[in-house]
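*Asks:*
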């Protein structure tokens, strides 16, 4: 008879709007719910900003700012974060002491800084979940007008904050390699990709999307889901669509946005007009999470236009869960294998990406085969329930003060590597 597993009290540091319908907040919510379903007690310390998305199981503790009314969801740096983050440190310390927390589990750069400061006071072990590098994203945000300063700040953050965790989970092999090059010990890093709840894509209702946007079932649809931030390379997406439209006039591009970004919307609308494809491009703004499966059910091909991506895009897991055929650049196509479950092309090559999209549009059987294979990969390796059991192994390691993470035990739930070995070079 196996001994009963220890259950943990976790302080989850979410230095972001929570819950919210994009990347990190979505992963934190689903990870936390999975950990609670395994019997752990999870306390999420977060900002006062949120969307109307149910959170089942975890306890939520928000910093409070008298008179603060704003509830707009934004990705990246913003002035209010400079107010929220110091308050997060004090809130986290109070939660740790009040609920006798075992482990601090911090996400993103702000989270690990907040978690490290709380660790100095409470002496609790700190698990840092690394999802990106600052060098990849920070200079792309309009918040920083001086891009040279943004690059120097990004380099400083990359070279300091990842070292603060007692153990680090990196969401991709690329990100682990980046951290090792910075000097983080390889033995202190476990590759832990983002997970997904694939069942949410099992019963979509595409009919309401066809009706809402007056879409013709005689047309074919390329779909992109996610934010319109510059690092997502929406410019490449539109350039690819222009190449597709030059060869087929029955194809439309749906950009299914999860966050309102009027400035970016105007910018890319103008770009679509300049490319002569505005009549074939539809921007769908602020789409709620529960409608995402419906939009993906309309898609013939889901597109990954981001070439450089050290993290693991949650949108890719959503595409895979929906069983949609995928075409994308290698850098963003984490967890995918060329010709096995997606068509993957060289980074920055919009001609090749357009060719891949057209190949899929022309071949319904191939679309079905690749989409089905992608869903099988998700079901086998990327469910949150499976990954959460691997996280519990890391909690036990940190709680007991072990020097090295138990790799053999981890391999029951987490792969040693998530890099595909068959992408085209």
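Residue numbers (the numbering used here): 82 to 506. C-beta atoms are modelled at their ideal positions from N, C-alpha and C, and glycine is treated no differently. Small disclaimer: the values here were computed from a predicted structure and weren't measured.
#1: If you follow the beta strand (DSSP E) that residue 210 is in, where does it begin and where does it stop?
#2: Residue 389 and residue 428 - do their beta-carbons sit closer together than 8 Å?
#3: What are the complete alpha helix (DSSP H) segments, minimum 4 residues, inside the segment 84 to 150?
#4: Pull the bridge partners of residue 425 from the DSSP assignment, please.
#5: Are the Cβ atoms of residue 248 and residue 479 separated by less than 8 Å?
#6: Taking the straight line between their C-alpha atoms, what separation do you get for residue 115 and residue 468?
#7: Does the distance from the CB of residue 122 to the CB of residue 86 come in under 8 Å?
#8: By DSSP, does residue 414 sit in helix, in strand, or in coil?
#9: Hey, could you find the ends of the alpha helix (DSSP H) residue 230 is sitting in?
#10: Can you tell me whether residue 176 is buried or exposed, with buried defined as 16 or more other CB within 10 angstroms of its CB?
#11: With DSSP collapsed to three states, give me the class of residue 478.
#12: When the Cα atoms are used, what is the spatial distance from residue 205 to residue 124?
#13: Along the chain, which unbroken stretches of the alpha helix (DSSP H) at least 4 residues long are found entirely within the segment 429 to 489?
#14: Out of 363, 236, 252, 500, point me to the one whose CA is closest to residue 472's CA.
#15: Out of 267, 358, 261, 397, point me to the one whose CA is closest to residue 488's CA.
#16: Is the beta carbon of residue 263 closer than 8 Å to that of residue 287?
#17: Alpha carbon to alpha carbon, how far is residue 164 from residue 145?
#18: Return the first residue and the last residue of the alpha helix (DSSP H) that residue 164 is part of.
*Replies:* Concretely, from the data shown:
#1: 207 to 211
#2: yes
#3: 104 to 118
#4: 409
#5: yes
#6: 9 Å
#7: no
#8: coil
#9: 228 to 239
#10: buried
#11: helix
#12: 14 Å
#13: 431 to 443, 445 to 462, 465 to 481
#14: 252
#15: 267
#16: no
#17: 10 Å
#18: 162 to 179
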